[in-house]
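As they're listed, the protein sequences go chains A and B.
Counted the way this note's numbering counts, the first sequence spans residues 116 to 541.
Counted the way this note's numbering counts, the second sequence spans residues 116 to 541.
C-beta: ideal position from N, C-alpha, C; glycine also.
In what follows, a single structure is set out as structure tokens and then discussed.
Protein chains: 2
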Amino acid sequence: MNVEIISVGTELLLGDILNTNAQYLSKELANLGFNVYKQVTVGDNIERLLNCFREAFEVSDVDMVITTGGLGPTADDITKEAATKYFGQELILDENSWQEIREKCAKFSGGADKIPENNIRQAMFPKEADVIRNDNGTAPGALFKKGSKKILVLPGPPREMKLMFIEQVLPMLQGNSNSILISKYIRFFGIGESALEIKLKNILEEQTNPTVALYAKDLEVMVRVTAAANSEADCEKLLCDKIKEISNICGEYIYLIGDDSISSSQTEMDKVVAELLVKNNTTISVAESCTGGLVTANLINYPGISKVLFEGCVTYSNEAKIKRLGVKKEILEEYGAVSSQTAEEMAIGVAKSFNSEIGVSTTGIAGPDGGTSEKPVGLVYFGIYYKGKTFSIKKIFSGDRRKVRERAAMEALNQVRILLLKNEKQ
Amino acid sequence: MNVEIISVGTELLLGDILNTNAQYLSKELANLGFNVYKQVTVGDNIERLLNCFREAFEVSDVDMVITTGGLGPTADDITKEAATKYFGQELILDENSWQEIREKCAKFSGGADKIPENNIRQAMFPKEADVIRNDNGTAPGALFKKGSKKILVLPGPPREMKLMFIEQVLPMLQGNSNSILISKYIRFFGIGESALEIKLKNILEEQTNPTVALYAKDLEVMVRVTAAANSEADCEKLLCDKIKEISNICGEYIYLIGDDSISSSQTEMDKVVAELLVKNNTTISVAESCTGGLVTANLINYPGISKVLFEGCVTYSNEAKIKRLGVKKEILEEYGAVSSQTAEEMAIGVAKSFNSEIGVSTTGIAGPDGGTSEKPVGLVYFGIYYKGKTFSIKKIFSGDRRKVRERAAMEALNQVRILLLKNEKQ
Chain A
116 MNVEIISVGT ELLLGDILNT NAQYLSKELA NLGFNVYKQV TVGDNIERLL
166 NCFREAFEVS DVDMVITTGG LGPTADDITK EAATKYFGQE LILDENSWQE
216 IREKCAKFSG GADKIPENNI RQAMFPKEAD VIRNDNGTAP GALFKKGSKK
266 ILVLPGPPRE MKLMFIEQVL PMLQGNSNSI LISKYIRFFG IGESALEIKL
316 KNILEEQTNP TVALYAKDLE VMVRVTAAAN SEADCEKLLC DKIKEISNIC
366 GEYIYLIGDD SISSSQTEMD KVVAELLVKN NTTISVAESC TGGLVTANLI
416 NYPGISKVLF EGCVTYSNEA KIKRLGVKKE ILEEYGAVSS QTAEEMAIGV
466 AKSFNSEIGV STTGIAGPDG GTSEKPVGLV YFGIYYKGKT FSIKKIFSGD
516 RRKVRERAAM EALNQVRILL LKNEKQ
Chain B
116 MNVEIISVGT ELLLGDILNT NAQYLSKELA NLGFNVYKQV TVGDNIERLL
166 NCFREAFEVS DVDMVITTGG LGPTADDITK EAATKYFGQE LILDENSWQE
216 IREKCAKFSG GADKIPENNI RQAMFPKEAD VIRNDNGTAP GALFKKGSKK
266 ILVLPGPPRE MKLMFIEQVL PMLQGNSNSI LISKYIRFFG IGESALEIKL
316 KNILEEQTNP TVALYAKDLE VMVRVTAAAN SEADCEKLLC DKIKEISNIC
366 GEYIYLIGDD SISSSQTEMD KVVAELLVKN NTTISVAESC TGGLVTANLI
416 NYPGISKVLF EGCVTYSNEA KIKRLGVKKE ILEEYGAVSS QTAEEMAIGV
466 AKSFNSEIGV STTGIAGPDG GTSEKPVGLV YFGIYYKGKT FSIKKIFSGD
516 RRKVRERAAM EALNQVRILL LKNEKQ
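Written out as structure tokens, the structure is:
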């Protein structure tokens with residue numbers, strides 16, 4: 116079933132409010148297996164809204180339009196008028212709705228006499244429409260019908276719209292959907308969007324069910340795999356096979372396979388690494404130069420981290436690196452502060468002085484200045500100490516000072532993750 | 116001028132991400148006096164996008180379409196192809212763009228050989244279009260033109276889109292409006308949106324020229340004042356008067372009055388405080404418990420900070436507070452780690468042991484657990500040591516663990532700012 120979502124309200128076109136309704140409805144409809152064809156936002160203008168209905172049903176050939184907003188009591192609330200006009204029907208008073216609205220207004224304004232006259236507009240519907248009760252406000256919704264065409268009108272305030280959708284619309288729509296949908300989210304680190312797309316080219320081109328979608332984020336890439344089937348078990352089977360297929364191609368970049376994308380806007384790397392540390396009860400300390408506290412701050416996002424992280428230090432100056440971490444003056448002079456040698460000395464130093472099993476260090480050139488041809492802006496060395504062994508990693512990051520530091524902090528966490536997994540396997 | 120905003124991206128139709136771009140652009144265009152006729156969201160489908168262009172120019176009769184998204188390197192990024200096809204033009208390689216993209220990719224992947232081939236798609240434009248540089252990503256934008264019709268294509272990631280819009284598109288569009296527009300941005304800290312709205316009620320209601328717009332951010336509130344006049348001098352005069360009017364009402368919350376909103380998405384507090392420290396050549400060190408490195412990391416966002424900040428420490432455990440900062444065991448036992456006494460001892464300790472003029476400390480309950488009736492989640496104590504004097508501040512922050520820690524870090528910086536300004540005045 117093809118659906119178009121139309122948000123009605125001049126305040127949206129002025130940018131005064133953020134349109135969260137369209138996202139909410141899109142997610143719900145996707146989960147029902149409906150195909151959201153388009154989202155449109157128009158002002159409180161009956162002619163323009165009529166044009167949207169024509170475009171949706173006559174050009175885009177959608178089966179159902181869902182509107183939010185424009186159900187208020189005032190003259191500029193025109194959604195019902197437009198739907199009625201488009202279907203060539205007629206608005207008449209719905210006694211039940213009017214009764215409920217009067218009671219709500221009476222309760223609200225503390226006296227039936229105080230009911231604003233124009234509230235009666237909220238009780239007007241064509242006889243062909245199914246009225247939908249509003250348990251969170253005065254404006255009822257409705258399902259307008261003509262032949263195979265449907266216009267579902269919902270109130271604009273998210274609180275009213277969501278409750279109405281969950282309690283009354285969802286059961287109604289579920290009857291129209293013939294299969295359940297389940298999605299899994301695969302998070303990648305250390306590979307860019309286009310590089311990953313090349314690796315997954317065939318999978319992306321041949322996708323049918325499950326569908327595979329690729330999203331680039333600020334610090335990572337996410338792949339969403341969505342399966343449709345008649346039972347949850349069948350969905351899980353489809354998902355499992357597809358995820359195995361993807362893992363075989365680029366599993367080394369996958370750091371998390373999850374059920375939700377709730378925090379899809381931000382990385383989950385901090386949580387994944389912190390959980391690994393706590394699970395393995397492995398103590399850690401971090402000596403940060405260019406990241407300046409970001410690595411430690413990311414770990415401390417995790418509530419239980421105090422079991423394995425007791426303290427950290429930012430050794431920004433050479434003096435601090437020498438005094439706090441025992442980095443040798445000669446090393447700093449011979450190789451410079453931004454070098455694998457210094458990074459390793461820092462890692463050893465912080466593990467020793469804070470008496471932790473893992474010691475991690477960062478030292479780099481975050482920019483904008485200080486870069487040279489052999490040590491460009493974005494160059495970062497990571498030192499890792501664990502069980503008497505020390506090694507370092509060299510990376511070059513793009514972006515401004517803030518981005519370079521954020522990416523470096525994530526890379527440091529990723530290196531800890533890889534180290535822990537390697538040692539779990541042993 | 117009638118404008119339509121088209122957001123391109125299947126992830127928007129699936130409800131995986133919230134469309135903040137449409138609101139941002141609508142607000143900006145409204146402030147320019149442009150008429151946003153409609154907002155549309157379509158998937159990564161060239162035929163559907165072409166239908167949107169037809170609808171916009173041939174039915175709705177708009178003058179300019181602004182698109183966001185669909186400029187990535189992958190095959191499902193089809194915005195430029197659609198615009199080119201609609202105008203009957205031809206995509207050819209733009210050497211300058213390709214050069215810049217190659218440099219960015221080379222830097223990121225640490226070797227020019229590693230540039231994914233499909234990135235070249237991001238450098239293809241019709242010769243009739245004006246290419247717009249992207250300082251925050253690889254995909255350039257462009258202004259497509261045919262006769263009086265314009266299609267302005269912008270990247271999808273808000274960070275890239277906003278910077279491109281403010282730095283390059285805004286000046287371009289201002290040319291189309293018949294008077295000069297100049298904006299100033301007033302940044303507030305320590306007051307919420309609704310509280311500020313009440314204070315500025317009259318100004319907001321009676322606004323004509325300059326216009327006054329209020330933006331709530333994650334950690335602060337920003338007010339934009341935009342004046343329109345025939346000369347820059349007249350604009351400045353209008354702005355100066357209006358800003359004075361606002362300052363008289365709530366000046367104590369203003370921490371920055373700036374000319375740009377380049378980083379309007381994030382706070383400028385870190386920059387303001389770092390600049391003050393460097394300007395006054397006042398050394399600082401931070402001992403962080405609940406903020407876990409965020410305060411130091413924020414200061415190190417500022418390139419020149421190394422002159423006044425040499426090191427910092429995260430003393431998360433009581434042991435660390437005792438060992439690194441010399442906090443007395445009795446104080447921790449009698450008042451607890453989250454107390455004004457501990458905060459002050461930490462501030463003194465870090466200033467002494469790192470030999471800095473200012474010592475700042477944070478200790479609090481970030482949650483989700485660990486709260487009690489007298490010490491609830493969100494409670495944070497700040498200790499400040501300066502010139503032999505020590506004092507502490509108590510605040511209670513709302514939000515989840517991450518938010519509490521971010522807000523606490525900003526508050527710590529704000530307290531340093533207030534301290535420095537007080538001592539400058541003396």
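When secondary structure is reduced to three states using DSSP, A:Ile193 falls in the coil class, being assigned neither helix nor strand.
By the Cβ rule, the region 168-188 of chain B does not count as touching the region 522-540 of chain A, because fewer than three pairs are nearer than 8 Å. If you look at A:Ile361, you'll find it in the alpha helix (DSSP H) that goes Glu347 to Cys365. By the neighbour-count criterion, in which 16 or more other beta carbons inside 10 Å mark a residue as buried, B:Asp209 falls on the buried side. For the region 504-523 of chain B, the set of positions with a beta-carbon nearer than 8 Å to some beta-carbon of chain A reads Arg516, Arg517 and Arg520 in chain order. Apart from the 5 residues on each side of it in sequence, B:Ser455 sits with its Cβ closer than 6 Å to the Cβ of Tyr496 and Ser507 in its chain, given in chain order. The beta carbon of A:Pro286 does not come within 8 Å of any beta carbon belonging to chain B, so the residue lies off that interface. Put simply, the backbone Cα of B:Leu528 is about 18 Å away from that of B:Phe469. For B:Asp176, not one C-beta of chain A is nearer than 8 Å to its own C-beta.
Among the CB atoms of chain B, one or more fall inside 8 Å of the CB of A:Cys428.
In the DSSP assignment, A:Thr326 forms a beta bridge with A:Thr341.
Cβ atoms of A:Lys261 and A:Phe202 come within 8 Å of each other, at about 4 Å.
When C-beta distances to chain B are compared with 9 Å, the residues of the region 118-141 of chain A below that value are Ile120, Ser122, Leu127, Leu128, Leu129, Gly130, Asp131, Ile132, Leu133, Asn134, Thr135, Ala137, Gln138, Tyr139, Leu140 and Ser141, in chain order. Contact with chain B is found for A:Phe425, since one of that chain's Cβ atoms lies less than 8 Å from the residue's Cβ. In the three-state DSSP reduction, A:Asp385 falls in the helix class (H, G or I).
About 7 Å separates the CB atoms of A:Ile361 and A:Val338; that is less than 8 Å, so the two are in contact. For the pair A:Gly493 and A:Ile473, the CB atoms are not nearer than the 8 Å cut-off. Taking a cut-off of 8 Å for Cβ pairs, the region 395-405 of chain A and the region 415-424 of chain A touch, as three or more such pairs fall below it. Counting along the chain, no beta strand (DSSP E) covers A:Asn249, and no H or E run does either.
Counting the other CB atoms within 10 Å of its CB gives A:Gln237 a total of 16 or more, which places it among the buried residues. With the rule of 3 Cβ pairs closer than 8 Å, the region 240-259 of chain A does not count as touching the region 162-171 of chain A. Per DSSP, reduced to three states, the secondary structure at B:Ser476 is strand. In the three-state scheme derived from DSSP, where H, G and I count as helix and E and B as strand, A:Cys428 is classed as strand. Taken atom to atom, the span from the alpha-carbon of B:Leu371 to that of B:Lys518 is near 22 Å. A:Met179 carries a strand assignment under DSSP once its states are collapsed to helix, strand and coil. For the pair of segments examined, the region 181-195 of chain A was found not to touch the region 178-192 of chain B: the number of CB pairs separated by less than 8 Å stays below three. Residue burial annotation: A:Ser141 is buried, with at least 16 other C-beta atoms found within 10 angstroms of its C-beta.
In the same chain as A:Ile437, and ignoring 5 residues on each side of it, the C-beta atoms closer than 8 Å to its own belong to Lys443, Lys444 and Leu447, in chain order.
According to DSSP, B:Ile230 shares a beta bridge with no other residue. Relative to the Cα of A:Val453, the nearest Cα in the group A:Met384, A:Lys510 and A:Leu353 belongs to A:Lys510. DSSP places A:Leu208 within a strand segment (E or B) once states are collapsed to three. Under the three-state reduction of DSSP output, A:Ala331 falls in the strand class. Taking a Cβ-Cβ cut-off of 9 Å, the neighbours of A:Ala145 in chain B comprise Leu128, Leu129, Gly130 and Asp131, given in sequence order. The beta carbon of A:Val495 sits no closer than 8 Å to any beta carbon of chain B.
Residue A:Gly486 holds the alpha-carbon nearest to the alpha-carbon of A:Phe512 among A:Tyr500, A:Gly486 and A:Glu205. The shortest CA-to-CA distance from A:Thr183 to any of A:Gln204, A:Ala524 and A:Met276 is the one to A:Met276.
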